[in-house]
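Novice: Below you will find the structure I want to go over with you.
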Ligand SMILES: [Zn+2]
Ligand SMILES: [Zn+2]
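In this note's numbering, the protein residues as written are 11 to 177.
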């Protein structure tokens, strides 16, 4: 096993499993051979994501809907729409936040903190390297979150990647 982990050399999963804190919601995400683990890994520091996750940075990994399946009935899964057309999926039993999704797109932004612990330990870099789009960086907390993403790799956007400006 390699001691170092770098953008050029890291372990890539073929699939991952995860779920909410209480275990009611369980999912599997498969990654096609050409999945770009660097580009698909990003973060958000908008106020909505902060309120929603309770964390200063929402670390996300983009997964295609066709590659995302639930492993158990999703009776406790609910979507909250803070913005029309944007879903934030969570478990109504334990409160875990699972994904952010633009309803017009065929993918979702998986909350990487919900990935099963042993897989996160093994493939955490592949899932959360932040080499893709890191958005709403104008909200960075000086001395706390400003050194976490987009320093040496990835793209920092002041607001969203669609209407924002690069920082
Ligand atoms: Zn739950
Ligand atoms: Zn956000």
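Glycine is no exception: its CB is placed at the ideal position from the N, C-alpha and C atoms. Bear in mind the structure is a predicted one, so any value in this text is a computation, not a measurement.
Can you check the region 11–68 for any alpha helix (DSSP H) of at least 4 residues that lies completely inside it and give the ranges in chain order?
Specialist: 57–63
Novice: Given a threshold of 16 other Cβ atoms within 10 Å of its Cβ, counted over all protein chains shown, does residue 111 qualify as buried or as exposed?
Specialist: The residue is buried, with at least 16 neighbouring Cβ atoms inside 10 Å.
Novice: To the nearest angstrom, how far is it from the Cα of residue 136 to the Cα of residue 94?
Specialist: A straight-line Cα-Cα distance of about 31 Å links residue 136 and residue 94.
Novice: So what does residue 110 bridge to, in DSSP terms?
Specialist: Per DSSP, 98, 119.
Novice: Which same chain residues, not among the five before or five after residue 54, have their C-beta less than 6 Å away from its C-beta?
Specialist: 68, 145, 146
Novice: Cβ of residue 181 within 8 Å of Cβ of residue 63?
Specialist: Residue 181 lies beyond the residue range present for the chain, which begins at 11 and ends at 177; the question has no answer from this structure.
Novice: Residues around ligand 1, please: the ones whose beta-carbon is closer than 7 Å to some heavy atom of it, in chain order.
Specialist: 30, 31, 32, 33, 34, 35, 86, 101, 103, 104, 106
Novice: Starting from the C-beta of residue 51, find all residues in its chain whose C-beta is less than 7 Å away, skip the five residues before and the five after it, and write them out in chain order.
Specialist: Residues of the same chain with a CB within less than 7 Å of the CB of residue 51, apart from the 5 flanking positions on each side, are 71, 137, 138, 139, 140, 141, 142 in chain order.
Novice: Do residue 130 and residue 39 have their beta-carbon atoms positioned less than 8 Å apart in this structure?
Specialist: no
Novice: What separation, rounded to the nearest whole angstrom, lies between the Cα atoms of residue 148 and residue 160?
Specialist: 13 Å
Novice: Which of the three DSSP states, helix, strand or coil, is assigned to residue 76?
Specialist: helix
Novice: So is residue 32 buried or exposed if we call it buried at 16+ other beta carbons inside 10 Å?
Specialist: exposed
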